[in-house]
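Report on the structure given below.
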Amino acid sequence: MTMPHHVLGILLTRPLAPAELRDAARALPFAANHDTTRLMTFVRAQTPGRAAHRLRQRLTARLPLDVITTHYSDDGRQVLLNLAFPPAAHATIRRAAQHVGQSPELFVKLALHRALAQHASDESDRLDRAVQQLLANTTAAHLLAAVGHALTRTPGAAPA
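Structure below.
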């Protein structure tokens, strides 16, 4: 049975020096973004979680790792986040999770879901307020035409 490869994204706490990137590349091949704050690699493992765990074990001493993510979502459209909290933060999370009867993993997952839902709601409210402000000075038809025109313009093209 062949072991699958999993594509992982790595967010770093700071840009890498060229020597750091060369040193890390001895352990695994990487693709880096322009400022070396994000890397991509692939790791052989049975599951994405195991791949992220292996990656963290191999690179913690070599790189300033912040977050490891799966690059592709799973069948449930979920992306795995592998976080390593400092001991004090981990202890706080563990206590808060115990207080509500959850595992630390579930506690963080639900907190992230709540934060993302709140962000989406805030963004929707902000856009609603902006549209209401625009409608105070024009008609819905004119606003819709302006939005349609703005959405169909090619960025960088000369105006028609």
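Counting in numbering that gives the first Met the number 0, the sequence shown runs from 0 upward without gaps.
Each residue gets a CB set at the ideal place from its N, CA and C atoms; glycine is no exception.
Residue state for residue 90 is assigned as helix, using DSSP reduced to three classes. Taking the Cα positions, residue 97 is about 15 Å away from residue 87.
Taking each of 61, 152, 151 in turn and checking the Cα distance to residue 12, the smallest one comes out for 61. Rounded to the nearest angstrom, the gap between the Cα atoms of residue 78 and residue 72 is 5 Å. In the assembly as shown, residue 42 is a buried residue. Its beta-carbon has 16 or more other beta-carbons within 10 Å.
Between residue 27 and residue 40 the beta-carbon gap is near 5 Å, inside 8 Å, which marks them as a contact.
Between the alpha carbons of residue 101 and residue 90 lies a gap of roughly 14 Å.
Our two residues, residue 141 and residue 51, have alpha carbons roughly 51 Å apart in a direct line. Looking at the DSSP output, residue 69 sits in a beta bridge with 7.
Counting only the Cα atoms, residue 152 lies some 25 Å from residue 135. By the Cβ neighbour-count rule, residue 106 is buried, with 16 or more other Cβ atoms within 10 Å of its own.
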